[in-house]
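Here the structure is laid out as C-alpha coordinates; the discussion comes afterwards.
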Amino acid sequence: MQFFWPVNTPLEVHELVGPERFTETVSRKVLISARTRYRKRVYFSYCSLMHEDLKKEHEKKKNAMERESIREKQEKAFKRLQQKHNVTTIVIENVPPIPRRPVLEPAPPVPAPETPTCNGSVL
(Lines of atoms letter the chains of each structure in order from A and count residues from 1; the text may use other names and numbers.)
(Lines give C-alpha, C1' and ligand atoms only; values in the text may rest on other atoms or scores of the structure.)
Protein backbone atom coordinates (compact mmCIF):
# COMPACT_ATOMS: atom_id res chain seq x y z
CA MET A 1 0.00 0.00 0.00
CA GLN A 2 1.37 3.38 -0.97
CA PHE A 3 0.87 6.46 1.14
CA PHE A 4 0.48 9.85 -0.49
CA TRP A 5 2.52 11.49 2.28
CA PRO A 6 5.15 10.23 4.66
CA VAL A 7 3.63 8.08 7.42
CA ASN A 8 4.34 10.22 10.48
CA THR A 9 3.97 13.58 8.75
CA PRO A 10 0.95 15.81 9.39
CA LEU A 11 -1.00 17.08 6.38
CA GLU A 12 -0.02 20.71 7.06
CA VAL A 13 3.56 20.08 5.94
CA HIS A 14 2.59 19.02 2.44
CA GLU A 15 4.95 21.67 1.09
CA LEU A 16 7.83 19.48 2.20
CA VAL A 17 6.48 16.54 0.25
CA GLY A 18 5.38 18.54 -2.77
CA PRO A 19 2.13 20.35 -3.50
CA GLU A 20 1.68 18.55 -6.83
CA ARG A 21 1.08 15.28 -5.00
CA PHE A 22 -1.92 16.72 -3.12
CA THR A 23 -4.37 17.38 -5.89
CA GLU A 24 -8.13 17.41 -5.44
CA THR A 25 -8.57 13.89 -6.81
CA VAL A 26 -5.91 12.51 -4.51
CA SER A 27 -7.51 14.13 -1.47
CA ARG A 28 -10.93 12.74 -2.51
CA LYS A 29 -9.44 9.26 -2.79
CA VAL A 30 -7.86 9.68 0.61
CA LEU A 31 -11.20 10.76 2.12
CA ILE A 32 -13.04 7.87 0.48
CA SER A 33 -10.37 5.49 1.72
CA ALA A 34 -10.67 6.92 5.24
CA ARG A 35 -14.48 6.57 5.15
CA THR A 36 -14.15 2.98 3.98
CA ARG A 37 -11.67 2.17 6.75
CA TYR A 38 -13.95 3.82 9.31
CA ARG A 39 -16.98 1.88 8.05
CA LYS A 40 -15.03 -1.36 8.19
CA ARG A 41 -13.90 -0.61 11.73
CA VAL A 42 -17.46 0.25 12.85
CA TYR A 43 -18.81 -2.88 11.18
CA PHE A 44 -16.11 -5.02 12.79
CA SER A 45 -16.94 -3.52 16.21
CA TYR A 46 -20.62 -4.24 15.62
CA CYS A 47 -19.87 -7.83 14.59
CA SER A 48 -17.67 -8.29 17.65
CA LEU A 49 -20.44 -7.07 19.96
CA MET A 50 -23.00 -9.31 18.27
CA HIS A 51 -20.63 -12.26 18.54
CA GLU A 52 -20.19 -11.63 22.27
CA ASP A 53 -23.97 -11.42 22.75
CA LEU A 54 -24.51 -14.65 20.83
CA LYS A 55 -21.76 -16.32 22.83
CA LYS A 56 -23.39 -15.31 26.14
CA GLU A 57 -26.79 -16.45 24.91
CA HIS A 58 -25.31 -19.79 23.81
CA GLU A 59 -23.73 -20.23 27.27
CA LYS A 60 -27.07 -19.51 28.97
CA LYS A 61 -28.87 -22.04 26.76
CA LYS A 62 -26.15 -24.61 27.37
CA ASN A 63 -26.36 -24.16 31.16
CA ALA A 64 -30.16 -24.35 31.07
CA MET A 65 -30.02 -27.56 29.02
CA GLU A 66 -27.48 -29.09 31.42
CA ARG A 67 -29.67 -28.26 34.43
CA GLU A 68 -32.72 -29.66 32.65
CA SER A 69 -30.93 -32.90 31.77
CA ILE A 70 -29.68 -33.30 35.36
CA ARG A 71 -33.20 -32.71 36.66
CA GLU A 72 -34.64 -35.26 34.21
CA LYS A 73 -32.02 -37.84 35.23
CA GLN A 74 -32.88 -37.28 38.90
CA GLU A 75 -36.58 -37.62 38.15
CA LYS A 76 -35.98 -40.90 36.33
CA ALA A 77 -33.88 -42.22 39.21
CA PHE A 78 -36.49 -41.21 41.78
CA LYS A 79 -39.26 -42.71 39.64
CA ARG A 80 -37.38 -46.03 39.54
CA LEU A 81 -36.87 -45.80 43.29
CA GLN A 82 -40.55 -45.02 43.73
CA GLN A 83 -41.59 -48.04 41.69
CA LYS A 84 -39.10 -50.27 43.46
CA HIS A 85 -40.25 -49.34 46.96
CA ASN A 86 -43.89 -48.68 46.04
CA VAL A 87 -43.74 -45.10 47.29
CA THR A 88 -46.66 -42.97 46.23
CA THR A 89 -45.08 -39.53 45.76
CA ILE A 90 -41.63 -38.04 45.61
CA VAL A 91 -41.47 -34.35 44.74
CA ILE A 92 -38.36 -32.67 43.38
CA GLU A 93 -38.25 -28.90 43.62
CA ASN A 94 -35.57 -26.33 43.18
CA VAL A 95 -36.39 -24.87 46.58
CA PRO A 96 -34.35 -26.21 49.50
CA PRO A 97 -36.45 -28.13 52.03
CA ILE A 98 -37.78 -26.22 55.00
CA PRO A 99 -36.47 -27.64 58.29
CA ARG A 100 -39.23 -29.02 60.46
CA ARG A 101 -39.81 -27.65 63.90
CA PRO A 102 -39.94 -30.13 66.76
CA VAL A 103 -43.48 -30.86 67.85
CA LEU A 104 -43.95 -29.84 71.46
CA GLU A 105 -46.42 -31.72 73.55
CA PRO A 106 -48.86 -29.48 75.35
CA ALA A 107 -48.05 -29.06 79.03
CA PRO A 108 -50.61 -30.38 81.52
CA PRO A 109 -52.91 -27.68 82.83
CA VAL A 110 -51.68 -25.98 85.98
CA PRO A 111 -54.21 -26.36 88.82
CA ALA A 112 -55.61 -23.10 90.09
CA PRO A 113 -54.52 -22.24 93.64
CA GLU A 114 -57.18 -22.75 96.22
CA THR A 115 -58.37 -19.58 97.84
CA PRO A 116 -58.80 -19.75 101.58
CA THR A 117 -62.34 -19.23 102.59
CA CYS A 118 -63.18 -16.79 105.30
CA ASN A 119 -65.77 -17.80 107.81
CA GLY A 120 -66.71 -14.23 108.38
CA SER A 121 -63.70 -13.50 110.56
CA VAL A 122 -61.76 -10.32 110.04
CA LEU A 123 -58.02 -10.44 109.94
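Under the UniProt record's numbering, think of the first position of the sequence shown as 1, with each following residue one higher.
Ideal Cβ placement from N, Cα and C applies to all residues, glycine included.
Item	Value
Measure the alpha-carbon distance for Lys76 versus Met50 and round it to whole angstroms.	39 Å
Go through its chain and collect everything with a Cβ distance to Lys55's Cβ below 6 Å, but skip five positions before and after it.	none
Determine the direct distance from the alpha carbon of Tyr38 to that of Phe44, and round the result to whole angstroms.	10 Å
Rounded to whole angstroms, what is the Cα-Cα separation between Lys60 and Lys73?	20 Å
Looking at Leu54 and the ligand FMN, is the gap between the Cβ and the nearest heavy atom below 7 Å?	The model depicted lacks the ligand FMN and carries no ligand whatsoever.
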